[in-house]
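Residue 164 in full-length UniProt numbering is what sits at position 164 of the sequence shown, and the numbering runs on without skipping anything.
Glycine residues also receive a C-beta, built at the ideal position from the N, C-alpha and C atoms.
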Amino acid sequence: MFRDSRNDASRDRENVLPSGTKAASWANQEPGGRERNAGRAATAVGGRKAFGVLQNNQPLQPHRKPVSTSGFICSNENSVPLPAGKAPTKQSFTIHVDEPDGAPRRNTSSNGGNAASLTLKSTVLSLGNCKPLAANECAADVSFDSPMVLGMSISSDEEKQVNVNALPEYADDIHKYLREMELKCRPKAGYMKKQPDITNSMRAILVDWLVEVGEEYKLQNETLYLAVNYIDRFLSSMSVLRGKLQLVGTAAMLLASKFEEIYPPEVVEFVYITDDTYTKKQVLRMEHLILKVLSFDLAAPTINQFLNQYVGREKASSKIESLSMYLAELSLIDSEIFLKYLPSVLAASAFCLANYTISRTSWPRSLAQLTGYILESLMPCVMDLYQNYLKASEHAQQAVREKYKSSKYHCVSIIDPPHSLDLLLLKQ
C-alpha cells in the first residue's frame, strides 16, 4: 500500500533529502566558484523544481606545469647534445615527434642504391602538385544546452541499428545467461523490515530524485535501473541512517554512470546536485564501500535489459515499447510490492500489460516460448502493475509520470489504463 498522507510524504522528504537539496535551494542558491547558464530553465516536476540550472558537464582540465623532456629519447633534430664523454641513457620507451607540414625531411639514407629504389614512378609524378583537401563546412549539430558531452560516431545508420539482443543466433543464449545471473544479483525482498531508521517511502523519495538526476544529465535508462539495483542490494546487507540514504543513492548513481555511460558526470557534479550536503571524499568513500559490499558484481541484469529483448523479438511498436518502459519504471518506486518479482517477470508483465492496453492483444506465443512464462504465471505481477498504473496520477512521487509525458515517449503516461483485465485471459 502507498502512504497517501502528504504530511508524511513531506516529512520523509525532509529526512531523505536534506534542506540543502530541496527544490527551493536547488533553484535559488548559487554555490561559490560555479557558473550557471542563465538561459536554461529548471526542470519542473510535479509542481516543484527538480534542479537549479546545472552547469554544462564539460570536464575542466587543470593547468599543467610544462614537463621537461630531459631523460627521454626524442627524434627532434634540434635536441641538445649530450656532454662529451657521457653515454646516452637507455630508455624503456621512445617518443616520436611528428614534424610540421612543409618542413624539410632529413635524408636518412647515405646509399645511392637505396635512394634510387625510393624514386617515384613517372606515372605518379605526372599527377602534378597535390592540393590540400577542402575543409568540411558541415557543422556538427551539437546542442550546448546539454550538460553532457555527446559522443559523435562515424558509424552508419545501418551499423547503429544492429542490436545483438535481436540476433537470433545470440538472443537465446543471452537470455538464458541473464536468467541465470538475475538470481545471483537479486536484492532481498522485505529487507526494509530490518532497517531501523529508513522506510519504503524514504526509498521511494530517493528513487524519484534519481529519476530527476537521470533526466537532468540525460543519462541512459539502464543507468537508473543499475543504480536502483545497487541501492537495494546494498541495503539488503547494510543498515543505513536516514541522513546517509541520499549519499548511498548518489554513490550508486555515480557507479552506474561509470559502468554504463560513455561520458559519465564528474564526481563534483554529483556533489553539486546534493547542494554540497556531502563532500567529494564522502561520495568516493561510499562508492568504495558499495563496491566492497557488492563484491564488485556490477553487471546485474535489469528489467530494462529483458524488456529490450522482448520488444526486439516481438518487433513491437514504439508506443508499446514506451508504455512498457513507463510501467517498468513505475515499479522501481515501490520496493515493498515489486522486489518479490524477478526482473524478467516484471519485464514480461510490463510488456503484456502495455500490449493489451494499446492493441488489446494478449501475451505473444513467441515470447512465451522464449521465456517459458505462460500468461497464468504472469497474472499476479500483471495485476500489481495494473493497480500501480491506476494509482500513478495520485502517487506522491511524480518524476516518472512527468518524464513519460514528453513526446519523446509518445506521452504514454497520460494514456488511460484499461477499465479491467477480464478480456486479457480470454484472448490467450
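Proximity to residue i [Cα-Cα], best of the options
i: serine 344; options: Asp334, Leu247, Ser318, Met181; result: Met181
i: histidine 175; options: Ala251, Asn388, Asn308, Gly243; result: Asn308
i: leucine 424; options: Gln282, Val248, Tyr386, Glu215; result: Tyr386
i: alanine 368; options: Arg360, Ala348, Gly214; result: Ala348
i: serine 407; options: Val271, Leu323, Thr277; result: Leu323
i: cysteine 185; options: Arg233, Gly214, Thr199; result: Arg233
i: alanine 171; options: Cys352, Ser393, Phe306; result: Phe306
i: threonine 279; options: Leu247, Asn304, Ala316, Ser257; result: Leu247
i: isoleucine 358; options: Ala316, Ala300, Gly249; result: Ala316
i: methionine 325; options: Lys405, Asp173, Pro187, Thr199; result: Lys405
Three-state secondary structure assigned by DSSP to residue i
i: histidine 175; result: helix
i: alanine 279; result: Alanine is not the amino acid found at residue 279; the sequence shown has threonine there. DSSP places threonine 279 in coil when its eight states are reduced to three.
i: arginine 186; result: coil
i: leucine 150; result: Annotation note: pLDDT 45 at leucine 150 (below 50); position unreliable, coordinate value reported separately. In the structure shown, leucine 150 sits in coil (DSSP, three-state: anything other than H, G, I, E or B).
i: leucine 241; result: coil
i: threonine 199; result: coil
i: histidine 395; result: coil
i: cysteine 262; result: Per the sequence shown, the amino acid found at residue 262 is isoleucine instead of cysteine. Three-state result, isoleucine 262: coil.
i: histidine 288; result: helix
i: tryptophan 363; result: coil
i: alanine 350; result: helix
i: phenylalanine 338; result: helix
i: lysine 408; result: helix
i: tyrosine 373; result: coil
i: alanine 328; result: helix
i: phenylalanine 306; result: helix
i: threonine 250; result: helix
i: proline 380; result: helix
i: tyrosine 191; result: helix
Per-residue burial, residue i [other beta carbons within 10 Å of its own, 16 or more giving buried]
i: isoleucine 374; result: exposed
i: glutamate 169; result: exposed
i: isoleucine 231; result: buried
i: cysteine 411; result: exposed
i: aspartate 416; result: exposed
i: isoleucine 414; result: exposed
i: glycine 47; result: Bear in mind that a pLDDT of 45 at glycine 47, under 50, signals an unreliable position, so the model cannot answer this.
i: threonine 274; result: buried
i: tyrosine 177; result: exposed
i: glutamate 216; result: buried
i: serine 335; result: buried
i: proline 380; result: exposed
i: leucine 327; result: buried
i: glutamate 269; result: buried
i: serine 257; result: buried
i: tyrosine 183; result: Correcting the residue identity first, residue 183 is leucine in this sequence and not tyrosine. Looking at its Cβ environment, which holds fewer than 16 other Cβ atoms inside 10 Å, leucine 183 is exposed.
Beta-carbon contacts of residue i that lie in its chain and below 8 Å, excluding the five residues immediately before and after
i: isoleucine 333; result: Ala204, Val207, Asp208, His395, Gln397, Val400
i: serine 366; result: Arg313, Glu314
i: leucine 390; result: Pro417
Neighbourhood of residue i by C-beta, 6 Å cutoff - its chain only, sequence neighbours within 5 removed
i: serine 331; result: Phe338, Leu346
i: aspartate 384; result: Ile337
i: asparagine 355; result: Ile320, Thr361
i: asparagine 388; result: Leu330
i: aspartate 422; result: none
i: tryptophan 363; result: Cys352, Leu375
i: asparagine 304; result: Asn221, Glu222, Tyr225
Nonlocal neighbours in the same chain, by C-beta distance under 7 Å from residue i, ignoring five residues either side
i: valine 211; result: Leu224, Ala399, Val400, Lys403
i: alanine 251; result: Val283, Met286, Glu287, Ile290
i: glycine 372; result: none
i: glutamine 220; result: Glu260, Glu261
i: lysine 340; result: Ala189
i: proline 66; result: Only weak support exists for where proline 66 lies, its pLDDT of 48 falling under 50; the value from the coordinates is given anyway. Result list for proline 66: empty, nothing under 7 Å.
i: leucine 235; result: Tyr191, Gln195
i: proline 301; result: Leu178, Met181, Glu182, Cys185, Pro343
i: serine 318; result: His410
Discussion item. Check whether the region 186-196 and the region 234-254 are in contact - that is, three or more C-beta pairs closer than 8 Å.
Written reply: yes
Worksheet item: Do the region 291-299 and the region 263-274 touch if we need at least three Cβ pairs shorter than 8 Å?
Response: no
Item to complete: Evaluate the contact criterion for the region 215-229 versus the region 312-321: three or more CB pairs, one atom per stretch, below 8 Å.
Response: no
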